[in-house]
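Just so you know, we're using the working numbering here: the sequence shown kicks off at -3 and counts up by one.
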Amino acid sequence: MVYRQKDFNSPPPALTHLKWNNLKARLLIEKSSHKISDKCYRDCTLEPLSALYKDKCAICERLRGTELQVDHYRPKKPRNNKTKTLYNNPGYYWLAYTWSNLIPLCSKCNGNKSNKFPIIGWNDLNRISDHNNVLGLNPFAPYSLDWLQQREQPLIVNPEYDTMPERHFSFNRNGKIVGRTAEGVETIKVCKLNRKDLVWERLKIREDYVNAIKSAFDDFGIHNDENELKGELRATFKQIKLNCHPDQGHSYYNLFIYKYFDYFIDAKLPNNLRGVSTKYFNEFIK
Ligand SMILES: [Zn+2]
């Protein structure tokens, strides 16, 4: 996950168009029984959200393009399971059409997250359950992401509020993402960030780098040309570096590979290439 700077005060004009005024007024009266219009929240925001996130899932960083869906960070509908768990919540109906509550997710993260919204200290008193239940406060408070985040302390990391969302996560060599904080652990659990397809994608990224490096040494074995070897290795190292850019798919995972090259890459190379490739990599990063 990487930070995305969204201007909460400049929602897409289509989302604030006058034609939705009646719908938005009904929402505040009908509350959780309101039939939410995806023509409003989804159709007006999918394109600008995809542009902001460079076609990536806000949580798992897969490049999904047209498969992206618009998710309500705070679920629009309640979760009323009989057994009370931290996943029960009253639903945040009033945020159904609110720009700061909409994030683009891949279908799998969206499906897994569903209407779960765990918070720290998950009793009913800590939940904001109604747009009117903060009497005495600024009436816009329950619409402010800043206010809500501080009041509720969610366990799902928000890439638009936390300016360093990556601090909650790290990766290991098996393609697994690891939580470094309670929020990181819970986000991984809820969105199932160690599901098969994601682990496979991460392992494939690393394997492609390893194979490119092996191939450079194979060419060296044939041509015995050190300049050629250096050139080929530099091309791969440069690719890893480019893929660390926050606009690239799995950018934070790539950053781990870049920062811990010997752990992720060197260890996967045949014994005779270990150390040698790290030597060239260290020259490159200088
Ligand atoms: Zn995802």
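A virtual CB, placed ideally from N, CA and C, is assigned to each residue, including glycine.
> Ends of the alpha helix (DSSP H) at Leu269?
Replying inline: DSSP places Leu269 outside any alpha helix (DSSP H), giving it a letter other than H or E.
> What number of angstroms, rounded off, separates the C-alpha of Ala231 from the C-alpha of Ile173?
Replying inline: Roughly 27 Å separates the two Cα atoms.
> Mapping DSSP to helix, strand and coil, what is Gly117?
Replying inline: Gly117: coil per DSSP, three-state reduction.
>> Classify Ser103: buried if its beta carbon has 16 or more other beta carbons within 10 angstroms, exposed otherwise.
In response: Exposed, since its Cβ has fewer than 16 Cβ neighbours within 10 Å.
>> Across the stretch 16 to 34 and the stretch 85 to 94, are there enough close Cβ pairs to call them in contact, namely three or more that are closer than 8 Å?
In response: A contact exists between the stretch 16 to 34 and the stretch 85 to 94.
>> Can you list, in chain order, the residues of its chain with a C-beta nearer than 7 Å to that of Asp258? Leave out the 5 residues immediately preceding and following it.
In response: Hits under 7 Å: Thr274.
> Can you find a heavy atom of ligand 1 that lies under 7 Å from the Cβ of Lys104?
Replying inline: Lys104 Cβ: within cutoff of ligand 1.
>> Assuming contact is defined by CB atoms lying nearer than 8 Å, are Tyr139 and Thr94 in contact in what I supplied?
In response: A contact, by the Cβ cut-off of 8 Å.
> Ordered along the chain, which non-local residues of its own chain (more than five positions away) have a Cβ less than 8 Å from that of Leu265?
Replying inline: Close CB contacts of Leu265 within its chain, under the 8 Å cut and outside five residues either way in sequence, are with Val206, Ile209, Lys210 and Ser273 (chain order).
>> If contacts are defined as beta-carbon pairs under 8 Å, then Asn239 and Asn250 qualify, I think. What distance do you get, rounded to the angstrom?
In response: With a Cβ gap of about 4 Å, Asn239 and Asn250 count as contacting.
> Terminal residues of the continuous beta strand (DSSP E) containing Leu175?
Replying inline: In the sequence as displayed, the identity of residue 175 is Gly instead of Leu. From DSSP, the beta strand (DSSP E) with Gly175 extends over Ile173 to Gly175.
>> Using a 10 Å radius around the Cβ and a threshold of 16 neighbouring Cβ atoms, would you call Thr183 buried or exposed?
In response: Buried, by the Cβ-count rule.
> Exposed or buried, what is Met160 when buried is set at 16 or more other beta-carbons lying within 10 Å of its beta-carbon?
Replying inline: By the neighbour-count rule (16 or more Cβ atoms within 10 Å), Met160 is not buried but exposed.
> Between Cys56 and Phe280, what straight-line distance do the alpha-carbon atoms span, to the nearest angstrom?
Replying inline: So the alpha carbons of these two residues sit roughly 29 Å apart.
>> Within a Cβ cutoff of 8 Å, which residues of the same chain sit near Arg176, ignoring the five residues on either side of it in sequence?
In response: So the list reads Arg163, His164, Phe165 and Ser166, once near-sequence residues are dropped.
> Contact between the stretch 214 to 230 and the stretch 195 to 203: three or more CB pairs below 8 Å?
Replying inline: Contact between the stretch 214 to 230 and the stretch 195 to 203 is absent, because fewer than three Cβ pairs lie under 8 Å.
> Buried or exposed: where does Ser29 fall if 16 or more other Cβ atoms within 10 Å of its Cβ makes it buried?
Replying inline: Ser29 sits exposed, since fewer than 16 C-beta atoms from the chains shown fall within 10 Å of its C-beta.
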